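Beneath this line is the structure, given in structure tokens, with notes to follow.
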Amino acid sequence: MVEEILLADDFVRQLISVGEVDILVGIPSFNNAATIGQTVLAVEQSFQQGFARERVVLVNVDGGSGDGTREVVMNTRAEKSSSGRGLTSLRTEQRVVTQYGNAPSASLAMRTILAAADLLRAKACAVISPATSNLTTAWITNLLEPVYRDKFDYVAPLYNRHKYDGLLSRNLLYPMSRSVFGQGIRELHPSELGFSGRLAGHCLAQNVWNQEDIQDAPEIWMALTAISSDFKCCQAFLGTKERASAGTAPDIVTAVRQNVGSLFWCLDAEEDFWMQRAKPEAVPSFGSESDLTSEPMNLNRQRIFELFRSGVQDLAPILQTILATETMAEIQSVAGQSEEKGRLSGDLWARTLFDFAASHHHAVLNRDHLIQALVPLYRGRIHSFLVEHQDSNAEQMEADTENLCVQFEKQKPYLVERWQAKA
Amino acid sequence: MKEMILQGLSQAYDNLVHMIAIFVPRFAVMLIIVVVGWIVALALRYTFRAILHVTRLDRISEEAGASQVLRKAALPPMSELLSRALFWVVWLGFMVLGVSMLGIPELHEQIARVFQLLPQIFIAILILFFGVLASNFLSRAALLASVNAGHKSPRVWSGSIRFVILILAISMALEQIGLANQTVTSAFSIVFGAAMLALALAFGLGGRHLARHALEQYFGSRKTEEDKGEEPSPL
Numbered sequence: 000m001v002e003e004i005l006l007a008d009d010f011v012r013q014l015i016s017v018g019e020v021d022i023l024v025g026i027p028s029f030n031n032a033a034t035i036g037q038t039v040l041a042v043e044q045s046f047q048q049g050f051a052r053e054r055v056v057l058v059n060v061d062g063g064s065g066d067g068t069r070e071v072v073m074n075t076r077a078e079k080s081s082s083g084r085g086l087t088s089l090r091t092e093q094r095v096v097t098q099y100g101n102a103p104s105a106s107l108a109m110r111t112i113l114a115a116a117d118l119l120r121a122k123a124c125a126v127i128s129p130a131t132s133n134l135t136t137a138w139i140t141n142l143l144e145p146v147y148r149d150k151f152d153y154v155a156p157l158y159n160r161h162k163y164d165g166l167l168s169r170n171l172l173y174p175m176s177r178s179v180f181g182q183g184i185r186e187l188h189p190s191e192l193g194f195s196g197r198l199a200g201h202c203l204a205q206n207v208w209n210q211e212d213i214q215d216a217p218e219i220w221m222a223l224t225a226i227s228s229d230f231k232c233c234q235a236f237l238g239t240k241e242r243a244s245a246g247t248a249p250d251i252v253t254a255v256r257q258n259v260g261s262l263f264w265c266l267d268a269e270e271d272f273w274m275q276r277a278k279p280e281a282v283p284s285f286g287s288e289s290d291l292t293s294e295p296m297n298l299n300r301q302r303i304f305e306l307f308r309s310g311v312q313d314l315a316p317i318l319q320t321i322l323a324t325e326t327m328a329e330i331q332s333v334a335g336q337s338e339e340k341g342r343l344s345g346d347l348w349a350r351t352l353f354d355f356a357a358s359h360h361h362a363v364l365n366r367d368h369l370i371q372a373l374v375p376l377y378r379g380r381i382h383s384f385l386v387e388h389q390d391s392n393a394e395q396m397e398a399d400t401e402n403l404c405v406q407f408e409k410q411k412p413y414l415v416e417r418w419q420a421k422a
Numbered sequence: 000m001k002e003m004i005l006q007g008l009s010q011a012y013d014n015l016v017h018m019i020a021i022f023v024p025r026f027a028v029m030l031i032i033v034v035v036g037w038i039v040a041l042a043l044r045y046t047f048r049a050i051l052h053v054t055r056l057d058r059i060s061e062e063a064g065a066s067q068v069l070r071k072a073a074l075p076p077m078s079e080l081l082s083r084a085l086f087w088v089v090w091l092g093f094m095v096l097g098v099s100m101l102g103i104p105e106l107h108e109q110i111a112r113v114f115q116l117l118p119q120i121f122i123a124i125l126i127l128f129f130g131v132l133a134s135n136f137l138s139r140a141a142l143l144a145s146v147n148a149g150h151k152s153p154r155v156w157s158g159s160i161r162f163v164i165l166i167l168a169i170s171m172a173l174e175q176i177g178l179a180n181q182t183v184t185s186a187f188s189i190v191f192g193a194a195m196l197a198l199a200l201a202f203g204l205g206g207r208h209l210a211r212h213a214l215e216q217y218f219g220s221r222k223t224e225e226d227k228g229e230e231p232s233p234l
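In order, the protein sequence lines correspond to chains A and U.
For the first sequence, the residue numbers in numbering that gives the first Met the number 0 are 0 to 422.
For the second sequence, the residue numbers in numbering that gives the first Met the number 0 are 0 to 234.
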């Protein structure tokens, strides 16, 4: 059994003492002592408000925190209201804490949560990030309810965000995964998600956990596995996603390497599924429509374009081995224009990404190098996006994203052709 | 007098016949060894190439950038190149063995020296091959990292890394075959030391303002390009 290999004895002992559960909420952590107490309270409140009759457990999987995160999880208690008539669960609320290693690992944390869910035969599960400071009970309920009550298997979150946040998702992960896999999930690499015990067991049984490409973003693989294995997927609106403070968010190169690496790997792994997928299907959404905010940001568009231009120039020999001749010529032409005029259109961007995906499949270059070579072109696309949407409102941006997805869908035969062509 | 001449000619003729009688079988043996060697080498070449195809060496070589170098040098793909090299090494071995059967002492000595040198040449070729692979891979990694970090002159960094690794590989290969050992080691030390000294002087004297600025940026206030404006969050 996978659990026997993966889980520590003490953890298994704790899980056995819990017994079977209906709901499991996993909190992966690493040095989150400052915020995790609040997360634990929010989770338990959501248990009391939404799942008072269900058997529930909170599982904290820690990557070796040195700031007492695990102790905070075990010792945090809700203050009793003065009237003494607060909400209480009808069943014991269980907490389980384990340390899966001495360094944080997204893949190992996720695998431990899935293994716990499988062992406890949980019906509905959610993963919550302890770094989310504005987490409310509604977030957890919104992730769990579609699974527990409506029998969905995978729930991706929808957020209110700043219009310039999550641009990798908006310009790359969402349109590409939607056009190729046929179902559009807006947040392919979320910090919060919900899933069924059935999907947990399915994912746990896959022999992919040692794959280098999904170590940093197993959520992408999980979402695409849910789509390609015909699990029921949906999206649920949670609330406002706070902007990451400086230094905490991954830089642009790391984000592209982790996310695009995982996406391209999934394209390879699920080739048989998406090659035959003809028409895209809509993914049902719960809750209110997500919105965009537009507080002023100190963006340096000139520098972003300069990095695109110099990248295209310096990496020309590498890009020539990845891109089709016409695509390369068009990109060089855009890079040769002035900052005000240079635009990487949706159609060109789609062909560029499909060239990269096909070249990744044919391994024309070391795969990590290939993905790094995409970074300057992504910057070019982001520059175009910023120029086009400096005054756009939420509706205009949504319409543009929809249009980009259509461009990607139109170009899917091009991907298939390049994919099947001999290297 | 006439008899003596006739006797001398007869002896010379006998010697020639005797020599031919000894040489022809040896020559025939040599030819047989060379032909058998060609067949064995050819068989080994095809077997080795098939093994390399199974291990997908060409794809690995393509990923590491070695195939690009080979194409630029108008050389065949990696599996073909290695199997041809094996063919020639094996056939050359048989040819040398065949020639040694002719029984010429001077040739024997030279052949022995060539035989002693063969493993060294093979190791030197391997060193060069891995040197080219490492220089390509690392220079490309440096190029991508410096382009994505927005550093100035990324091609200079990547070219310098390629140059240093290639020089190191060439000097190691030459040392392996024992070609002017002292000269190669000294030349490498001088070139490498001079390059480092030149860089240190250029950075410390010629570019001392730049050096000061760079160190201040790194250890001091860390006012980087990002302060002039950030990039939007990707996630």
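Glycine included, every Cβ here is placed at the ideal spot set by N, Cα and C.
Keep in mind the model is a prediction, meaning the values are calculated, not measured.
Euclidean distance between Cα positions of residue i and residue j
i	j	result
A/Gly341	U/Arg139	27 Å
A/Glu43	A/Asp21	14 Å
A/Leu373	A/Phe355	8 Å
A/Glu270	A/Ala225	15 Å
U/Pro75	A/His201	46 Å
U/Leu96	U/Val16	25 Å
U/Glu105	A/Leu318	57 Å
A/Gln13	A/Ser261	33 Å
A/Trp383	A/Glu325	Checking the sequence, you will find Ser at residue 383 of chain A rather than Trp. Cα to Cα, the separation comes out at about 20 Å.
U/Gly192	U/Leu117	32 Å
U/Lys222	U/Leu200	Legend: pLDDT at U/Lys222 = 46, less than 50; position of this residue unreliable, no value from coordinates given.
A/Tyr377	A/Leu306	10 Å
U/Met77	U/Gly130	15 Å
A/Gly286	U/Leu137	50 Å
A/Asp229	A/Gly18	29 Å
A/Leu142	A/Thr131	15 Å
A/Gly83	A/Ala77	For A/Gly83, the predicted structure reports a pLDDT of 47, less than 50, and the residue's modelled location is therefore unreliable. A value from the coordinates is still provided. In a straight line, the C-alpha of A/Gly83 is about 12 Å away from that of A/Ala77.
A/Ser337	A/Gln301	10 Å
U/Val155	U/Phe26	58 Å
U/Pro24	U/Phe114	24 Å
Run of the alpha helix (DSSP H) containing residue i, from where it starts to where it stops
i	result
A/Ser227	Pro217 to Ser227
U/Leu147	Residue identity differs from the one stated: residue 147 of chain U is Asn in this sequence, not Leu. Its alpha helix (DSSP H) spans residues Pro104 to Asn147.
A/Pro27	Where A/Pro27 is concerned, there is no enclosing alpha helix (DSSP H), although the beta strand (DSSP E) it sits in stretches over Ile22 to Ser28.
A/Asn209	Careful: A/Asn209 lies outside any alpha helix (DSSP H) and carries neither H nor E.
A/Asp354	Gly345 to His361
A/Asp399	Ala393 to Lys409
A/Asp8	Asp8 to Val17
A/Ala108	Ala105 to Leu118
A/Arg69	Thr68 to Asn74
U/Thr184	Asn180 to Leu200
Residues bridged to residue i (per DSSP)
i	result
A/Phe446	Lying outside 0 to 422, the shown extent of chain A, residue 446 of chain A is not represented and no answer is given.
A/Ser284	A/Gln234
A/Ala123	A/Ile22 and A/Ser195
A/Asn59	A/Ile26 and A/Val96
A/Thr135	In DSSP, A/Thr135 forms no bridge with anything.
A/Gln182	A/Glu280
U/Leu15	According to DSSP, U/Leu15 bridges with nothing at all.
Residue i and residue j closer than 9 Å at C-beta
i	j	result
A/Val126	A/Val96	no
U/Ser82	U/Leu101	no
A/Val179	A/Leu322	no
A/Asp117	A/Ala199	yes
A/Tyr173	A/Thr400	yes
A/Leu23	A/Val56	yes
A/Cys233	A/Pro283	yes
A/Arg380	A/Leu343	yes
A/Leu364	U/Leu142	no
A/Leu223	A/Ser176	yes
U/Ala210	U/Phe128	no
A/Asn31	A/Thr68	yes
Start-to-end residues for the beta strand (DSSP E) that takes in residue i
i	result
A/Phe194	Leu192 to Ser195
A/Asn258	Segment Ile251 to Ala268 is the alpha helix (DSSP H) holding A/Asn258; no beta strand (DSSP E) there.
A/Val96	Gln93 to Gln98
Exercise. Determine, using beta-carbon pairs with one atom in the region 78-91 of chain U and one in the region 31-40 of chain U, whether at least three such pairs fall under 8 Å.
Key: Touching, per the Cβ criterion.
Self-check item: the region 97-126 of chain U: positions lying closer than 8 Å to chain B by Cβ
Solution: Absence of chain B from the displayed structure is noted, the protein chains being A and U.
Practice problem: Count the CB pairs spanning the region 187-198 of chain A and the region 271-282 of chain A that are closer than 8 Å, and state whether there are at least three. | Solution: Contact between the region 187-198 of chain A and the region 271-282 of chain A is absent, because fewer than three Cβ pairs lie under 8 Å.
Practice problem: Determine, using beta-carbon pairs with one atom in the region 144-162 of chain A and one in the region 93-109 of chain A, whether at least three such pairs fall under 8 Å. | Solution: Under the 8 Å Cβ criterion, the region 144-162 of chain A does not count as touching the region 93-109 of chain A, having fewer than three qualifying pairs.
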